[in-house]
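Note sheet for the following structure.
Protein chains: 2
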Amino acid sequence: MKLNNLDLNLLVVFNAIYTEGSLTKAGEIVGITQPAVSSALSKLRDYFDDPLFIRVGQGVQPTAKTENIIIHVREALSILQKSLETPDAFDPAESSRTFKLSLNDISEGRVLPILIDKVHNQAPKVSLSSYYTRRDDLQHALAANEICFAVDPFPPSDSEIKKELIFEDEFVCGFRKDHKLAKEKNLSIEQYLDLDHIHISGRKRGGALVDNALAKLQLDRKIILRAQHYLITPEVLNSSDMVLTCTKSFANKHDLAYKTLPFEVAPSQFFLAWHQSNDTDPGCMWLRELIKDSFAEAKSRWH
Amino acid sequence: MKLNNLDLNLLVVFNAIYTEGSLTKAGEIVGITQPAVSSALSKLRDYFDDPLFIRVGQGVQPTAKTENIIIHVREALSILQKSLETPDAFDPAESSRTFKLSLNDISEGRVLPILIDKVHNQAPKVSLSSYYTRRDDLQHALAANEICFAVDPFPPSDSEIKKELIFEDEFVCGFRKDHKLAKEKNLSIEQYLDLDHIHISGRKRGGALVDNALAKLQLDRKIILRAQHYLITPEVLNSSDMVLTCTKSFANKHDLAYKTLPFEVAPSQFFLAWHQSNDTDPGCMWLRELIKDSFAEAKSRWH
DNA sequence: GCACTATTATAAATAATACTTATAGTATTT
DNA sequence: AAATACTATAAGTATTATTTATAATAGTGC
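Listed in order, the protein sequences are those of chains A and B.
When you line the first sequence up against the numbering used here, it's residues 1 to 303, in that order.
When you line the second sequence up against the numbering used here, it's residues 1001 to 1303, in that order.
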């Protein structure tokens, strides 16, 4: 529990003796009695094998050894003093912190390139690490600080989890540009149901928002491919007649043609979620703004 | 005895937990048991009013607050680590140490301009302080580190005091350039004794080396002005017919004419003296060389 | 030079607290 | 669901820091 067998608290006394030039006064400053200072000094003398201070006149004079040591001691103490007194600060230019995020693949593709650019510009030594955390584990992962941010359409509902809507876009029906649908003016609901659909979901079963909307109309679409990652779909769509119900910005970004859906469906939403313990952390606050900016930029870029 | 009421030794544990990601392993590193680490952590938690580490999986995850603190703690600890392990070092470029010297006025005039220039070039933040310490007090002042160097013709003879001859010059008889003596070829002893002499000495009574040499010849010179500071003599000499027995370099420096003394006298010598406790101190060693260089330079400049 | 003052060092006793062993509690893993 | 791995708590012990009281020492003033 001691650094090199040295009780670090002794250094506080050491510094006080140096600045006061007197053991008695040092004691008053530190708030202990003179014999306590004397005893602390004798421990330091043993440790450094040097008198450190020599009695002269009405006080003590530092030894050359003390002059050599005090510089470093003062520097170290003032670093601690500052960092312990000051409320937490985050200096992007200097920080080499790693921020861990949970993004699904569509969010990664949507904002990671934009975000990493912003981060790197402001904070060259900061690194980001993004790995997807399953929705069921989000609450825990955020609380345990395994990740500091999650982007998800349905973040945990918990008083400890803060969230903010950062992305919203309407669903459209996307397909390849030379698809026969491209010539049609509107997409009817019959046509929609008749098409071969791709469904992307991280879960093993269960439909998407669209399927819930259809179910309300007692309708059902024909899903012929179910996969976990959105980013594989452009390739599939371009070599088939399949369609993908996705956001307009996804279609735009991946150069797909699309039609407005022939029925009502709630928009696609993504929330940024974080644990309340990080709510006022300057580093997290800084990154939070950058993430929000990045999503906004993504939205306007592919609108 | 604690910095802001924080036991600094706890920070060693704090750092160990951070690097190990586990209280148990941190204990092994620091050399205490796991409950001791746990207790240290709980004190830190109270102090910082934050969990600091959150238990997750087979270890603990640092909190955002911890991330903010650890940077400074590590910096401070590594400064201490280095400075406590490393034998004393002196970095002229960084040091802001003040070196205290004892120089009489002639030495000040001789080397201080040269020395301060050298010092300032190599060590912009170092300062010098020169005040004369009476010969009787030198031993004490050096031992008590009130001064780290003394320049004196007769430094204390003591096994604890180290000394080195740093300046030697012959005595000459100096006077103003348009003095009638200037036309003479040599100075006879009769002429010398017949002149009006200035005698400089810090002591209230007693002669100089020259007077001792004359005494051996059972001779005596006529001292009509006794003063304490050499630096007033040029002005007096230039407005009178008085002469001053001084070193050749003093005469040259102050633009005086001079003649070789018509009798044998030991040369003027100055020793640099320091206490043995500073003998191997890097800062003192550094300055010692600079002082020696400065005297050598002074000698060659006014030779 | 001697007494007086101011300061540091030492001694003994006390108070504080850090550490250990033992155990309970709490996640995670298989 | 049991086992594992880790952290937290409790109680007791040992250590050590601090205090009061006193001695020793150096410097100051008459």
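For glycine and all other residues, C-beta sits at the position ideal for the given N, C-alpha and C.
Got a sec? Which residues, its chain only, sit under 7 Å from residue i by beta carbon, not counting five neighbours each side?
i, result
"D1105(B)", "H1229, Y1230 and L1231"
"D1050(B)", "T1063 and K1065"
"Q61(A)", "F53 and I54"
"R1045(B)", "P1051 and L1052"
"W1302(B)", "S1249, N1252 and K1253"
Are the Cβ atoms of residue i and residue j separated by less than 9 Å?
i, j, result
"I198(A)", "L244(A)", "yes"
"C173(A)", "L187(A)", "yes"
"L11(A)", "V73(A)", "yes"
"A144(A)", "V1056(B)", "yes"
"N1004(B)", "E28(A)", "no"
"F306(A)", "A298(A)", "Beyond the ends of chain A as shown, which are 1 and 303, falls residue 306(A); an answer cannot be given."
"F271(A)", "E190(A)", "no"
"P1282(B)", "A1089(B)", "yes"
"G109(A)", "K253(A)", "yes"
"S83(A)", "I1071(B)", "yes"
"E1146(B)", "K1259(B)", "no"
"I1079(B)", "I79(A)", "yes"
Please work out which residues of its chain come closer than 8 Å, Cβ to Cβ, to residue i, disregarding the five sequence neighbours upstream and downstream, and give them in chain order.
i, result
"F48(A)", "K65 and I69"
"M1242(B)", "F1175, L1195, D1196, H1197, I1198, I1224, L1225 and V1236"
"L1290(B)", "L1115, K1118, V1119 and Q1122"
"K1043(B)", "D1007 and L1010"
"D1152(B)", "S1102, N1104, R1135, L1138, F1270, F1271 and A1273"
"A93(A)", "Q122, A123 and P124"
"D1158(B)", "Q1139"
"E210(A)", "Looking at the sequence shown, residue 210(A) is not Glu but Val. Around V210(A): F171, R221, T245, L261 and V265."
In angstroms, rounded to a whole number, what distance separates the CA positions of residue i and residue j?
i, j, result
"L1214(B)", "R1221(B)", "8 Å"
"K118(A)", "A296(A)", "13 Å"
"K216(A)", "L112(A)", "36 Å"
"A251(A)", "S294(A)", "18 Å"
"K361(A)", "I114(A)", "There is simply no residue 361(A) to check, as chain A begins at 1 and stops at 303 in what is shown."
"E67(A)", "K1125(B)", "14 Å"
"L77(A)", "Q58(A)", "27 Å"
"S1201(B)", "S1268(B)", "14 Å"
"H1179(B)", "P1262(B)", "18 Å"
"L1041(B)", "P234(A)", "52 Å"
"P155(A)", "V1013(B)", "36 Å"
"D169(A)", "T247(A)", "6 Å"
"S1239(B)", "Q1218(B)", "31 Å"
"N212(A)", "A227(A)", "18 Å"
Apart from the five residues on each side of it in sequence, which residues of its chain come closer than 6 Å, Cβ to Cβ, to residue i?
i, result
"A1026(B)", "A1016, I1017, E1020 and V1037"
"R1288(B)", "none"
"Q1276(B)", "E1160 and K1162"
"C1284(B)", "C1148 and N1278"
"K177(A)", "A257"
"A1182(B)", "A1257"
Mapping the DSSP letters down to three states, classify residue i as helix, strand or coil.
i, result
"D152(A)", "strand"
"A266(A)", "coil"
"T1033(B)", "coil"
"Q1045(B)", "Before going further, note that residue 1045(B) is Arg rather than Gln in the sequence given. Here R1045(B) sits in helix by DSSP."
"H1140(B)", "helix"
"G207(A)", "coil"
"A64(A)", "helix"
"I71(A)", "helix"
"I1275(B)", "For the sequence presented, residue 1275(B) should be read as His rather than Ile. It is a strand residue."
"E1028(B)", "helix"
"H1179(B)", "coil"
"T233(A)", "helix"
"K1305(B)", "Beyond the ends of chain B as shown, which are 1001 and 1303, falls residue 1305(B); an answer cannot be given."
"G1021(B)", "coil"
"V12(A)", "helix"
"D169(A)", "strand"
"L3(A)", "strand"
Return yes when the C-beta of residue i is under 8 Å from any heavy atom of the ligand SAM, and no when it is not.
i, result
"L10(A)", "The model on display carries no ligand, and the ligand SAM is accordingly not part of it."
Residues of the segment 1280 to 1292 of chain B whose Cβ lies closer than 8 Å to any Cβ of chain A, in chain order: For the segment 1280 to 1292 of chain B, the beta-carbon criterion of a distance under 8 Å to any beta-carbon of chain A is satisfied by D1281, P1282, G1283 and C1284.
Chain-ordered residues of the segment 69 to 81 of chain A with a beta carbon less than 8 Å from chain B: Closer than 8 Å at the C-beta level to chain B, one finds these residues of the segment 69 to 81 of chain A: I69, I71, H72, V73, E75, A76, L77, I79, L80 and Q81.
Chain A contacts made by the segment 1031 to 1044 of chain B, where a contact means CB separation under 8 Å: Listed by position, the residues of the segment 1031 to 1044 of chain B near chain A (Cβ gap below 8 Å) are G1031, I1032, A1036 and A1040.
Where the segment 145 to 170 of chain A meets chain B: residues whose CB sits under 9 Å from a CB there: Answer in chain order: N145, E146 and C148.
Members of the segment 1002 to 1034 of chain B near chain A, C-beta cut-off 7 Å: Residues K1002, L1003, N1004, L1006, D1007, L1008, N1009, V1012, V1013, V1030 and I1032.
Interfacial residues, the segment 254 to 273 of chain A to chain B, with Cβ spacing under 9 Å: Result list empty, no residue passes.
Members of the segment 217 to 251 of chain A near chain B, C-beta cut-off 8 Å: Against chain B - using a Cβ distance shorter than 8 Å - the segment 217 to 251 of chain A contributes no residues.
Near-chain B residues of the segment 120 to 135 of chain A - C-beta to any C-beta below 9 Å: Taking 9 Å as the Cβ-Cβ cut-off against chain B, none of the residues of the segment 120 to 135 of chain A qualify.
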